[in-house]
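First the structure, in the form of structure tokens, and then the observations on it.
Numbering (this note's numbering), first residue to last: 509 to 679.
Here it is as structure tokens:
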């Protein structure tokens with residue numbers, strides 16, 4: 509019995525810890541910034557949008573509810589992934605899919621828009637090379653709060669100084 513309780517607590521914590529090594533410790537995107545993210549994404553029917561490290565799925569759920577694109581979220585932490593599946597089941601959205609896995613092992617070649625909330629050193633050293641290798645011409649990258657060093661944004665959304673910056677890059 510004690511082993512069951514240990515694994516019931518330890519495995520989810522280990523999963524969250526491992527996921528935090530990827531891009532950022534989980535910090536949710538502010539809900540009042542979701543409309544700005546979707547505005548920058550310019551999603552059209554048939555577009556494919558992915559949230560890298562989607563956490564609890566806030567961004568994918570909002571996008572799925574407000575556009576006709578195919579929406580994906582990828583998450584490595586099992587508790588967050590199961591939360592996403594639960595909200596998807598009860599939310600009934602057909603244009604949203606959650607993937608469990610390491611975003612660095614998932615191909616980004618087929619996506620039109622990639623959304624990321626990561627810390628600057630991981631964006632530069634780990635994610636930028638992957639995006640440069642895999643994204644098709646014309647794909648858009650949206651980075652929440654932090655610029656991707658070495659790239660020049662096509663647009664920066666920051667309507668007020670106290671709001672988070674949102675960066676749009678076109679490949």
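Just so it is clear, CB atoms sit at the ideal spot from N, CA and C, and this is done for glycine as well.
Query raised in the report: Short check: CB of residue 581 to CB of residue 567, under 9 Å?
Result: yes
Query raised in the report: Roughly how many angstroms separate the alpha carbons of residue 530 and residue 668, rounded to a whole number?
Result: With a pLDDT of 49 at residue 530, under the threshold of 50, the modelled position of this residue cannot be trusted; read the value that follows with caution. Taking the straight line joining both Cα atoms gives about 30 Å.
Query raised in the report: Cβ of residue 648 within 9 Å of Cβ of residue 584?
Result: no
**Report entry** Rounded distance between the beta-carbons of residue 575 and residue 546, thought under 8 Å
**Finding:** 7 Å
Query raised in the report: Do you know offhand how far residue 612's Cα is from residue 570's?
Result: 24 Å
**Report entry** Touching by the beta-carbon criterion (3+ pairs, under 8 Å), the stretch 606–621 and the stretch 639–646
**Finding:** yes
Query raised in the report: On the three-state DSSP scale, how would you describe residue 629?
Result: helix
Query raised in the report: Which residue comes first and which comes last in the alpha helix (DSSP H) that contains residue 598?
Result: 586–599
Requested in this report: List the whole-angstrom C-beta distance separating residue 561 from residue 595, where the pair is believed to meet the contact cut-off of C-beta under 8 Å.
Outcome: At roughly 16 Å, the Cβ-Cβ gap does not stay under 8 Å, so residue 561 and residue 595 are not in contact.
Requested in this report: My understanding is that residue 608 touches residue 636, with C-beta atoms under 8 Å, so please give their C-beta distance in whole angstroms.
Outcome: 24 Å between Cβ atoms; not a contact.
Query - DSSP bridge partner residues for residue 639 (one or two, in chain order) - result: Answer is none; residue 639 lacks a bridge partner.
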